[in-house]
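Novice: The structure's right below; bear with me while I get my questions together.
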Amino acid sequence: MPSLGPRTARTLLAAGSLAAALALTACDPSGGTDAAATAPSSAAATTASTAASTAPVAPPSSPAAAPPRSAAASAGAGRGRHRLAAGATAGGLTRATGQDAVSDVPVDPGEMRAGMNLVVENYLGGGRRILFVGVDNVPEDPNKRREYLWRGLIDYAAGNGATGTPGTGTPYPAGPLGGSLECLPYGADALCGWADTTTAAVAYFPRTAPAAAARTFAAMRSDLEH
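Per the working numbering, residue 35 is the first one in the sequence shown, and the count goes up by one each step.
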């Protein structure tokens with residue numbers, strides 16, 4: 035084994051002494067210098083205790099207040115809830131009876147819950163039989179219910195002489211009850227629908243242009259919605 039020089043021996047001796055000192059400090063049960071460095075001072079502890087005792091106590095939680103409604107929302111709520119009711123006439127058309135009357139529900143109205151009202155009627159005028167389907171007290175967005183009714187009405191029209199494919203809907207004046215009213219072409223026929231705060235309804239107009247169907251549908255609405 036090669037011998038160590040004087041400088042190397044002194045270096046190893048110094049390193050051994052330092053390691054021994056560190057080991058003794060770490061084992062000191064009183065914490066030694068390290069414990070004193072990591073423990074908070076008595077002044078700091080007193081300050082923290084005083085701050086905790088003087089901090090304001092939060093009151094018990096209470097239900098959050100509802101945010102104020104906008105003016106537009108308040109105005110919409112003030113219009114009240116609309117209801118549908120079949121009339122003997124609607125927009126100058128006569129409700130069908132006998133063999134021309136509706137004998138079932140040809141268009142799926144969607145989920146019907148307590149408090150909702152379904153109106154399904156055929157109305158006659160100008161040698162045409164116009165199917166009307168509407169629901170009130172709609173629990174979801176009435177526009178979505180109108181879309182659902184429209185899909186069912188397209189199937190009904192396809193089975194009753196409509197040809198081609200449905201076109202794009204066009205908005206038309208909805209009348210004094212507000213909301214929206216749209217009609218779309220389906221071959222030579224027209225499909226119309228309205229939606230407002232609580233109701234959704236659709237109608238099938240055979241051999242009718244969308245603009246003419248929209249005028250009739252708006253007039254029918256005045257007699258069917260209250």
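Think of the CB as a built atom: it goes at the ideal place given N, C-alpha and C, for glycine as much as any other residue.
Note that the structure is predicted; figures quoted are calculated from it, not measured.
Under a Cβ-count criterion, where at least 16 other Cβ atoms within 10 Å of its own Cβ denotes burial, should residue 139 be classed as buried or exposed?
Specialist: Reading the sequence shown from its first residue, position 105 is the one you call residue 139. With fewer than 16 Cβ atoms within 10 Å of its Cβ, residue 139 is classed as exposed.
Novice: Tell me whether the beta-carbon of residue 242 lies closer than 9 Å to the beta-carbon of residue 162.
Specialist: Here residue 242 corresponds to residue number 208 of the sequence shown, with the count starting at 1. Here residue 162 corresponds to residue number 128 of the sequence shown, with the count starting at 1. Between residue 242 and residue 162, the C-beta gap is smaller than 9 Å, which places the two residues in contact.
Novice: Applying the 10 Å Cβ sphere with the 16-neighbour rule, what's the burial state of residue 183?
Specialist: Counted from its first residue, the sequence shown places residue 183 at position 149. By the 10 Å Cβ count, residue 183 comes out buried.
Novice: So who's on the other strand from residue 188, going by DSSP bridges?
Specialist: Along the sequence shown, one-based indexing puts residue 188 at 154. For residue 188, which the question treats as bridged, DSSP gives no partner whatsoever.
Novice: Are residue 155 and residue 120 close, meaning C-beta to C-beta below 9 Å?
Specialist: The residue labelled residue 155 in the question sits at position 121 within the sequence shown. The residue labelled residue 120 in the question sits at position 86 within the sequence shown. Going by C-beta atoms, residue 155 is nearer than 9 Å to residue 120.
Novice: May I ask you to verify whether the stretch 160-176 touches the stretch 230-245, counting CB pairs closer than 8 Å and requiring at least 3?
Specialist: yes
Novice: Which parts of the stretch 195-238 are runs of the beta strand (DSSP E), unbroken and 3 residues or longer, counting only runs that do not cross its ends?
Specialist: 204-206, 214-220 and 223-229
Novice: Could you please give the first and the last residue of the uninterrupted alpha helix (DSSP H) stretch that includes residue 258?
Specialist: Translated into the one-based positions of the sequence shown, residue 258 becomes position 224. Its alpha helix (DSSP H) spans residues 244-258.
Novice: Could you say which of 252, 209, 256 and 200 lies nearest to residue 187 if we only look at CA atoms?
Specialist: Position 153 of the sequence shown, counted from the start, is the residue given in the question as residue 187. Nearest to residue 187 by alpha-carbon distance, out of 252, 209, 256 and 200, is 200.
Novice: Sorted by chain position, which residues of the same chain lie with C-beta nearer than 7 Å to residue 222's C-beta, five sequence neighbours on each side aside?
Specialist: Along the sequence shown, read from residue 1 onward, the residue named residue 222 stands at position 188. Excluding sequence neighbours, residue 222 sits near 241.
Novice: Just list the residues that DSSP pairs residue 129 with in beta bridges.
Specialist: Locating residue 129 in the sequence shown gives position 95, where the first residue counts as 1. DSSP, once it has assigned bridges, lists 157 as partnering residue 129.
Novice: Could you have a look at residue 272 and say whether DSSP puts it in helix, strand or coil?
Specialist: In this structure the chain extends from 35 to 260, so residue 272 is not present and cannot be described.
Novice: Quick check: the Cα distance between residue 175 and residue 230, rounded to an integer number of angstroms?
Specialist: Taking the sequence shown and counting its residues from 1, the one referred to as residue 175 is at position 141. Taking the sequence shown and counting its residues from 1, the one referred to as residue 230 is at position 196. Near 9 Å, if we compare the C-alpha coordinates of residue 230 and residue 175.
Novice: Which whole-angstrom value describes the C-beta separation of residue 131 and residue 257, a residue pair presumed to lie in contact below a C-beta threshold of 8 Å?
Specialist: Counted from its first residue, the sequence shown places residue 131 at position 97. Counted from its first residue, the sequence shown places residue 257 at position 223. Incorrect: roughly 17 Å between the Cβ atoms, too far for contact.
Novice: Please classify residue 245 as buried or exposed, where buried requires at least 16 neighbouring CB atoms within 10 angstroms.
Specialist: Taking the first residue of the sequence shown as 1, we reach residue 245 at position 211. It counts as exposed.
Novice: Since I believe residue 220 is in contact with residue 198 (beta carbons under 8 Å), could you give me their beta-carbon distance rounded to a whole number of angstroms?
Specialist: In the sequence shown, residue 198 corresponds to position 164, counting from 1. In the sequence shown, residue 220 corresponds to position 186, counting from 1. Their Cβ separation, rounded to whole angstroms, is 7 Å, which keeps residue 198 and residue 220 in contact under 8 Å.
Novice: If we count the other Cβ atoms within 10 Å of its Cβ and call it buried at 16 or more, is residue 115 buried or exposed?
Specialist: Taking the first residue of the sequence shown as 1, we reach residue 115 at position 81. Flag for residue 115 reads exposed.
Novice: Do the CB positions of residue 171 and residue 233 come within less than 9 Å of each other?
Specialist: Reading the sequence shown from its first residue, position 137 is the one you call residue 171. Reading the sequence shown from its first residue, position 199 is the one you call residue 233. Yes, the Cβ-Cβ distance between residue 171 and residue 233 is below 9 Å.
Novice: Comparing alpha-carbon positions, which option in 254, 128 and 211 lies nearest residue 160?
Specialist: Numbered from its first residue, the sequence shown carries residue 160 at position 126. Closest by alpha carbon: 128.
Novice: For residue 284 and residue 225, which I take to be in contact (beta-carbon distance under 8 Å), what is that distance rounded to the nearest angstrom?
Specialist: Because the chain in this structure spans residues 35 to 260, residue 284 falls outside the shown range and cannot be described.
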